[in-house]
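Here's the structure, in structure tokens; my notes come after.
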Amino acid sequence: MENKPLSVVVLASGNGSNAENIMEFASENAGLLRVRGVITDNPKAGVIERCKKYEVACVVIPFERKLENTLKADKRSHENLVIAKIKQLEGEWVLLAGYMRILHSHFLRAFEDVELGAFRVINIHPSLLPSFPGKDAYQQAFKAGIKMSGITLHFVDDGVDTGPPILQECFPRFDDDSIDDFVERGLRMEYLLYRQGLTYLCQGRLSLQPVVGSTRKIVHINKGIINGSHTA
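Numbering (the working numbering), first residue to last: 1289 to 1520.
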């Protein structure tokens, strides 16, 4: 019996180049991955137009403040709407691709995988974590004058860019680089890393093990395919 492709929903807030990278990967690997939809919190996001090319549904769920509510209550309400839409789209995994909202534990628990020991949420971050977490990581790294930066694909936990790394790769910063040169080089690495990580995920090759003497976990990339399919 042929294994069904992994169903994912992508969350994106901006231009959407990484979301398009994921959609392109899915179109090239229909037996591995299916993008059920893209959700954005930004009605003007470039990702909306990119979805049309791949005939992928793009749903806009803007964050709205209500005077009678606390900020915390409004954030939870927005996350509930996003969770409901992901469930409606039948997404098994959530892939973050430039999504600019911090996801709280309330959201993450909706996608908890007890057997895996992680939440079914993956993010790409433009630095070698734990260095330069949070917003504007390219700018942080460039202004710090580092000679080598990198990209981290990681599981999301309830911290900010603190989840277990799945893959990490370095890229150089050259002496005559402008910030645009630096970012462009990093983006190319992001696209490659996301594709490699998704391949491992869809093949069921990712597992998490405890780090001795720590509360942290490390991601193992197994050599063979586990149970012939992805973790589901």
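Glycine residues also receive a C-beta, built at the ideal position from the N, C-alpha and C atoms.
For this session: Would you please state the rounded distance, in angstroms, between the beta carbons of F1443 and I1412? I believe it to be under 8 Å.
Result: Contact between F1443 and I1412 does not hold, since their C-beta atoms are separated by about 12 Å, which reaches or exceeds 8 Å.
Exercise. Comparing alpha-carbon positions, which option in D1329, P1418, Y1342, N1291 lies nearest N1309?
Worked result: For the set D1329, P1418, Y1342, N1291, the Cα lying nearest the Cα of N1309 is the one of Y1342.
Exercise. Between G1304 and V1335, which are expected to be in contact by the criterion C-beta below 8 Å, what is the C-beta distance as a whole number of angstroms?
Worked result: That belief holds up - the Cβ atoms of G1304 and V1335 are roughly 3 Å apart, short of 8 Å.
Exercise. Residues in its own chain within less than 7 Å of L1417 by CB, not counting five upstream and five downstream?
Worked result: Correct list, in chain order: T1440, H1442, D1449, P1453.
For this session: Check K1292 in the structure and name its three-state DSSP category.
Result: Reduced to three states, the DSSP call for K1292 is coil.
Exercise. How long is the line joining the alpha carbons of R1338 and I1390, rounded to whole angstroms?
Worked result: The alpha-carbon atoms of R1338 and I1390 are separated by roughly 23 Å.
For this session: Assign V1382 to one of two classes, buried (16 or more other C-beta atoms within 10 Å of its C-beta) or exposed (fewer than that).
Result: With 16 or more other Cβ atoms within 10 Å, it is buried.
Exercise. Buried or exposed: where does P1414 fall if 16 or more other Cβ atoms within 10 Å of its Cβ makes it buried?
Worked result: Buried is the call here.
Problem set entry | Beta-carbon proximity list for T1328, same chain, < 7 Å, skipping 5 on both sides | Counting only residues of its own chain and dropping the five nearest sequence neighbours on each side, T1328 has a CB closer than 7 Å to the CB of A1300, S1301, V1335, I1336, C1346, V1348.
Exercise. Which two residues bound the contiguous alpha helix (DSSP H) that contains N1357?
Worked result: Counting along the chain, N1357 falls outside any alpha helix (DSSP H), and DSSP gives it neither H nor E.
Exercise. By a C-beta neighbour count over all protein chains shown, 10 Å radius and 16 as the cutoff for buried, is C1490 buried or exposed?
Worked result: Under a 10 Å Cβ-count criterion, C1490 is classified as buried, with 16 or more other Cβ atoms of the shown protein chains found around its own Cβ.
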